[in-house]
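A.B. asks:
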Amino acid sequence: RYNGMLASVFELLADAREQVGSVNAAIEAQRDFWIAETDLQAAMNGGGKAVQ
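Those letters in the sequence shown? Residues 67 to 118, per our numbering, in order.
(1) In this structure, does DSSP put glycine 112 in helix, strand or coil?
(2) Could you tell me the distance, in whole angstroms, from the CA atom of glutamine 119 to the CA atom of isoleucine 93?
(3) Roughly how many whole angstroms lie between the Cα atoms of arginine 83 and glutamine 96?
(4) Quick check: what's the CA-CA separation for glycine 87 versus threonine 104?
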């Protein structure tokens, strides 16, 4: 879109901000998954609650 000058600078900045937010949300979701996975493995192995 930018090369064809079909979007303004402000639209591009808004799109970039939205993309950054999406990437951050994906990273947080992946972190939450691995924390839950670790807690599950600890519970299955009888280790109790994992330290976070």
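All residues carry an ideal CB built from backbone N, CA and C; glycine is no exception.
Computed from a predicted model, the values in this text were never measured in an experiment.
C.D. replies: So, from the listed chains and residues:
(1) In the structure shown, glycine 112 adopts coil according to DSSP, grouped into three states.
(2) With the chain represented from 67 up to 118, any question about residue 119 goes unanswered, as that position is not in the structure.
(3) Straight-line measurement puts the Cα of glutamine 96 at about 20 Å from the Cα of arginine 83.
(4) Between glycine 87 and threonine 104, the C-alpha separation is close to 26 Å.
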